[in-house]
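If you want the working numbering, it's the position in the sequence shown, counting the first as 1, plus 676. For every residue, glycine included, the Cβ atom is placed at its ideal position computed from N, Cα and C. Working notes, structure below.
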Amino acid sequence: MRHWEYKELIEAIQETYEELLEEDRGYRYALAKLADEFDNLGKIEDVIVDLVIGEIAMKQEKVFAGRVEGITKRLNMFNLKDAEGYLTVEEMDDLVKRVNRVIEGLGKVEVDYDSSVE
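If you want it as structure tokens, here you go:
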């Protein structure tokens, strides 16, 4: 990973989400803004971003169908070998467990087909 440590990136995404919620524009806006602000950081970083956004999304009452489909598709394409040399064994183990939980969890969320973020 180029500019981030594993836990540091996770914490930064979560903190940014909380800050975005304080703007009182709703969780849909905050999720969309997160995806934009943490876009194209690097191959492994992008997996972590999708993971954390997926974890946050799983806790919401409804999630935009496109977000569910996009995150699920990208996480399903993740290859653990890509993380070798970038993450420790413990971090890779944590990442795999969390990715699997998000894929499963997003399969159970109520989807919304309204793409409005407001």
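In chain order, Ala733, Met734, Gln736, Lys738, Val739 and Val744 place their CB closer than 8 Å to the CB of Val785, counting only its own chain and leaving out the 5 sequence neighbours on each side. A distance below 6 Å between beta-carbons, with the five flanking residues on each side excluded, links Glu767 to the following residues of its chain, in chain order: Tyr682. The alpha-carbon separation between Ala706 and Glu695 amounts to approximately 9 Å. When the five nearest sequence neighbours on each side are left out, the beta carbons in the same chain lying within less than 8 Å of the beta carbon of Val787 are those of Lys738, Val739, Phe740, Ala741 and Val744, in order along the chain.
Taking 7 Å as the cut-off, the Cβ atoms of Leu710 and Val775 do not count as close. Gly781 and Glu731 have their alpha carbons spaced roughly 8 Å apart.
Here Leu751 is not near Ile724, since their CB atoms are 7 Å or more apart.
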